[in-house]
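Chemist: Numbering (the numbering used here), first residue to last: 19 to 141. I am attaching a structure below and will ask some questions about it afterwards.
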C-alpha cells in the first residue's frame, strides 16, 4: 500500500489570478498594503488611503513562482527589470519569497510575513 503512495501526483499550487491579499510591506516604513492579482496584472494599494501605489505585469511560472515587472508607480524599480518570486498558499494565507529580483525596491519591501486573503474593489 505504501509503494502506491509515491505514484500519486503532487498537489498543484493554486494560481494567484483572481486573488487579493493584505499584509505588511516596508516601503520604506512598515505599511499595510493590498496586492490584487488579476489575469496578468497585479495592483498594489496602500490599504488605509486606498491609494494605488504600483501597477505590475506578472506571469505565473511553474514551481509556485511568478515574475513581476513594474508598469507604473512610485517604487524605484524601473519598467525594464523583472523579479522572480516564489509563493505558497495555505488556506487563507500566502507567503512570498524572493527568488531572484535585482530591484531593491521590491526586495527591501520585506514581504516575509504571511498575507491574508481579503476582498478589495476593482481599480
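Note that the Cβ used here is the ideal one computed from N, Cα and C, for glycine as well.
Which residue comes first and which comes last in the beta strand (DSSP E) that contains residue 137?
Modeler: By 1-based counting over the chain shown, the position of residue 137 is 119. Premise fails: residue 137 is in no beta strand (DSSP E) and is neither H nor E.
Chemist: By how many angstroms is the C-alpha of residue 95 removed from the C-alpha of residue 74?
Modeler: Here residue 74 refers to the residue found at position 56 of the chain shown. Here residue 95 refers to the residue found at position 77 of the chain shown. Roughly 11 Å separates the two Cα atoms.
Chemist: Quick check: residue 61 and residue 141, are their CB atoms within less than 8 Å of each other?
Modeler: Against the chain shown, residue 61 aligns to sequence position 43. Against the chain shown, residue 141 aligns to sequence position 123. Cβ distance < 8 Å, so residue 61 and residue 141 count as in contact.
Chemist: For residue 99 versus residue 121, is the C-beta distance shorter than 8 Å?
Modeler: Looking up residue 99 in the chain shown gives position 81. Looking up residue 121 in the chain shown gives position 103. Going by C-beta atoms, residue 99 is nearer than 8 Å to residue 121.
Chemist: Does residue 80 come out as helix, strand or coil in the three-state DSSP assignment?
Modeler: Locating residue 80 in the chain shown gives position 62, where the first residue counts as 1. Coil.
Chemist: Taking its Cβ as the centre, do 16 or more other Cβ atoms sit within 10 Å of residue 47, making it buried, or is it exposed?
Modeler: Start at 1 with the first residue of the chain shown, and residue 47 comes out as number 29. Exposed: under 16 other Cβ atoms inside 10 Å.
Chemist: May I ask you to report which of helix, strand or coil DSSP gives residue 26?
Modeler: Within the chain shown, numbered from 1, the residue matching residue 26 stands at position 8. With a pLDDT of 40 at residue 26, under the threshold of 50, the predicted position of this residue should be treated as unreliable, and no value is reported.
Chemist: Is the Cβ-Cβ distance between residue 50 and residue 68 less than 8 Å?
Modeler: One-based indexing of the chain shown puts residue 50 at position 32. One-based indexing of the chain shown puts residue 68 at position 50. The answer is no: Cβ separation not under 8 Å.
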